[in-house]
């Protein structure tokens, strides 16, 4: 293989790696859309007074389960996207990262945190709350 073919091959490999980093964005967008559809169900009034009925409890746990699952997918998918992008040589400069985080906080509120690249057990933190309430 000549120098020109080697250059083209390297360039093509890099383009494929870069595009692969973004291949997960459509599914992340889908999970965001699903979460946005579930949020009004969580915020809707339950009606009545006093203790929640079994049907209301079931509805709340169903919505919470959906939101936990969507959050788990989005968190894991986002971390994978960041890791894959960085491995492909795509890295946000700090000012741009801060700008994106500020925009996300404006849209989604204070729950937006700077992403940690460390592996996490998301399910562990979310699964503890329902068990504590059930006791």
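Residue numbers (the working numbering): -4 to 130. C-beta: ideal position from N, C-alpha, C; glycine also.
Alpha-carbon to alpha-carbon, residue j and residue i
i, j, result
"residue 91", "residue 98", "11 angstroms"
"residue 61", "residue 5", "43 angstroms"
"residue 9", "residue 85", "11 angstroms"
"residue 65", "residue 28", "10 angstroms"
"residue 49", "residue 70", "31 angstroms"
"residue 106", "residue 59", "16 angstroms"
"residue 101", "residue 51", "31 angstroms"
"residue 39", "residue 111", "32 angstroms"
"residue 80", "residue 45", "51 angstroms"
"residue 55", "residue 43", "15 angstroms"
"residue 17", "residue 7", "16 angstroms"
Reduced DSSP secondary structure (H/G/I, E/B, other) of residue i
i, result
"residue 58", "helix"
"residue 84", "coil"
"residue 31", "helix"
"residue 107", "coil"
"residue 45", "coil"
CB of residue i within 8 angstroms of CB of residue j, strictly
i, j, result
"residue 23", "residue 72", "yes"
"residue 19", "residue 75", "yes"
"residue 96", "residue 109", "yes"
"residue 41", "residue 47", "yes"
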